[in-house]
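One structure is given here, and the rest of the page talks about it.
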Amino acid sequence: MADYTTVSIPKDLAERVEETIEGTSFSSTSDLVRFLLRSIVVEHQREGELTEAQFQDITDQLRDLGYLE
Numbered sequence: 311m312a313d314y315t316t317v318s319i320p321k322d323l324a325e326r327v328e329e330t331i332e333g334t335s336f337s338s339t340s341d342l343v344r345f346l347l348r349s350i351v352v353e354h355q356r357e358g359e360l361t362e363a364q365f366q367d368i369t370d371q372l373r374d375l376g377y378l379e
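Add 310 to the 1-based position in the sequence shown for my numbering, that's all there is to it.
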């Protein structure tokens, strides 16, 4: 069984995520966050070291989606 930890996000962001996942296969904010983090980690592992430009691209995408301010 996997051990878990807690990640805190602002309530307004959590509400936006809840609205975003309505009608999707994600059943909770946690599901979406796990999916996004796994995607980033897998990409990082596939390509090796994450460059500053790649990190900036990910940050820009998350900001465009409303997950970052």
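Virtual Cβ for every residue (Gly too), placed ideally from N, Cα, C.
Please read all numbers here as calculations on a predicted model, not as lab measurements.
Per DSSP, Asp-370 is one residue of the alpha helix (DSSP H) stretching across 362–374.
One Cα belongs to Leu-372, the other to Ala-312, and the distance between them is close to 27 Å. A straight-line Cα-Cα distance of about 16 Å links Gly-358 and Asp-367.
When secondary structure is reduced to three states using DSSP, Asp-322 falls in the helix class. Arg-348 and Gln-364 have their C-alpha atoms spaced approximately 16 Å apart.
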